[in-house]
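Student: This is the structure I want to talk about, given as structure tokens.
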Amino acid sequence: MRILIGTSSDKAQGVYVCGFDEKTGGVGPAVLGAKVAFPSFLAVHPNGRWVYSVSEVGQFNGEKAGGVFGFRMDQRLDELTPINSQSSGGPGPCHLSVDPSGSMLMVANYGAGSVASFPIAADGAIGPRGGFDQHHGSSVDPKRQKGPHAHSIVPDPSGRFALSCDLGLDHLLIYQLQPSRGGLIAADPSFVPIRPGTGPRHVAFDPSGLHAYVITEMGNTITTFAWDSARGTLLEGKTVSTLPDGAEAGGSGAEVTVHPSGRFVYASNRGHNSIAVFAVDPASGELTRRGHTSSGGDWPRHFAIDPTGRFLIAANQRSNNLLVFAIDGRTGALTATPHRVEVPAPTCVRFMVTVGE
């Protein structure tokens, strides 16, 4: 198995690759897989052969926009061979995802406050833009919410819809997908509001596709939503803090991920530099906080759980390291292992199963 690492620093050269032993949690040294400017977020195609990256550059082919890049993974050499690239449709692309069918790529442009989508060709190439939506409006924080800031876009497990968190609007937007042409259109209803001033950042679905969890960057909270994949509607449930009781304000929520078993949810707190563990109520999907573990570094912007559900890897952006944690399958608790990787400003972690495994 391989780990792909996105970065965001002048000192980093692009996307890094390292080996991962799913039996022990051991990691090999990170090597440069592909040179890309500021590849802060990555997505792996369902076929396990293609990788997609944002590039947070100010100009792309003369346009005031970032880029989206496609690569073919050569796992014998730990190299990513470029396929092609397209404009992201706006400045500051910070998140991207592939729909479950592998037919389309979606990107969120934080600086522009927009989302865009693209068809994926039979050879993995990113086709011309098939869908685009410019968000409009503002929210209550005069410094950070003067305008829209699309922070993520994630397909639901059915592949019929996608949800986009907009930090600037305090909205969770809903899109109906058109995989055959790589398009998306606003659903009806087109959004649900999030608590004003909390700044929704990322969203994760549980394996059943019945619940979605939204982490807020400015509020350090997670809200549970019941998800109806037939109608594309959300019903708001319980909201919980990602911080311990009595923790000082400051920092920001970053990533939220559901364990493959569906029994636990994890969230990272930048500033507090911790990973929060939550137990999931099997009936309602709502969360109960079970504890916090140090991320093993500074500013855990992202983390990922390996496909076996036995290990979690946290990417600490400011301390330039990734740390491997063992997951207790009974309680969900995290235990730091001695395994770590040094990489300049890691901002995204993705697992890629080795071909033939």
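Numbering (numbering that gives the first Met the number 0), first residue to last: 0 to 356.
A virtual CB, placed ideally from N, CA and C, is assigned to each residue, including glycine.
1) In chain order, what are the residue ranges of uninterrupted beta strand (DSSP E) at least 3 long that sit wholly in the stretch 305 to 344?
2) For Gly57, is the classification buried or exposed, using 16 other Cβ atoms within 10 angstroms of its Cβ as the cut-off for buried?
3) For Asn83, which three-state DSSP category applies?
4) State the Cα-Cα distance for the pair Ile297 and Val323, rounded to the nearest angstrom.
5) In the DSSP assignment, the beta strand (DSSP E) including Leu209 goes from what residue to what residue?
6) Tell me which same chain residues have a C-beta within less than 7 Å of the C-beta of Cys164, skipping the five on either side of it?
7) Which residue marks the beginning of the beta strand (DSSP E) containing Gln144, and which one marks its end?
8) Inspect the beta-carbon positions of Pro90 and Lys63 and report whether they are closer than 7 Å.
9) Measure the beta-carbon distance from Gly13 to Val35 and round it to whole angstroms, keeping in mind my assumption that it falls under 8 Å.
10) Quick one: grab the DSSP three-state call for Glu254.
11) Could you tell me the distance, in whole angstroms, from the CA atom of Gly24 to the CA atom of Cys347?
12) Measuring straight from C-alpha to C-alpha, what distance separates Arg317 and Arg300?
13) Given a cut-off of 7 Å on the beta-carbon distance, is the pair Pro343 and Ser8 in contact?
14) When you compare each of Val264, Ser189 and Met217 to His134 by their alpha carbons, which one comes out closest?
15) Met103 and Pro127 look like a contact to me (Cβ under 8 Å); what is the Cβ gap, rounded to whole Å?
16) Cα separation between Gly167 and Asn108?
17) Check each candidate in Ala282, Ala111 and Asp169 and name the one with the smallest Cα separation from Gly236.
18) Can you tell me which residues form a DSSP beta bridge with Trp298?
19) Among residues of its own chain, excluding the 5 on either side of Arg284, which ones have a beta-carbon nearer than 6 Å to its beta-carbon?
20) Please classify Ser52 as buried or exposed, where buried requires at least 16 neighbouring CB atoms within 10 angstroms.
21) Drop a sphere of 10 angstroms on the beta-carbon of Gly5, count the other beta-carbons inside from all chains shown, and report buried for 16 or more, exposed for fewer.
Tutor: So, from the data block:
1) Entirely contained in the stretch 305 to 344, the beta strand (DSSP E) runs reaching 3 residues are, in chain order, 310 to 315, 320 to 326 and 333 to 341.
2) The residue is exposed, with fewer than 16 neighbouring Cβ atoms inside 10 Å.
3) In the structure shown, Asn83 sits in a strand (DSSP, three-state: E or B).
4) Per the sequence shown, the amino acid found at residue 297 is Asp instead of Ile. The C-alpha of Val323 is placed about 15 Å away from the C-alpha of Asp297.
5) No beta strand (DSSP E) contains Leu209, which DSSP labels as neither H nor E.
6) Excluding positions up to five away in sequence, the list reads His150, Ser151, Leu171, Pro199, Arg200, His201, Val202 and Val213.
7) Premise fails: Gln144 is in no beta strand (DSSP E) and is neither H nor E.
8) Yes.
9) Yes, they are in contact, since the Cβ atoms of Gly13 and Val35 sit about 4 Å apart, within 8 Å.
10) Of the three classes helix, strand and coil, the one that applies to Glu254 here is strand, per DSSP.
11) Cα to Cα, the separation comes out at about 18 Å.
12) Spanning the two alpha carbons is a distance of roughly 9 Å.
13) Contact: yes.
14) Of all alpha-carbon atoms in Val264, Ser189 and Met217, the one lying nearest the alpha-carbon of His134 is that of Ser189.
15) No, Met103 and Pro127 are not in contact; Cβ-Cβ is about 12 Å, not under 8 Å.
16) Taking the straight line joining both Cα atoms gives about 12 Å.
17) Put simply, of Ala282, Ala111 and Asp169 the residue whose alpha carbon is nearest the alpha carbon of Gly236 is Ala282.
18) Looking at the DSSP assignment, Trp298 forms no beta bridge with any residue, so it has no partner.
19) The sequence given here has Gly at residue 284, not Arg. The residues are His210 and Thr223.
20) The residue in question, Ser52, is buried, as its Cβ has 16 or more Cβ neighbours within 10 Å.
21) Result: buried.
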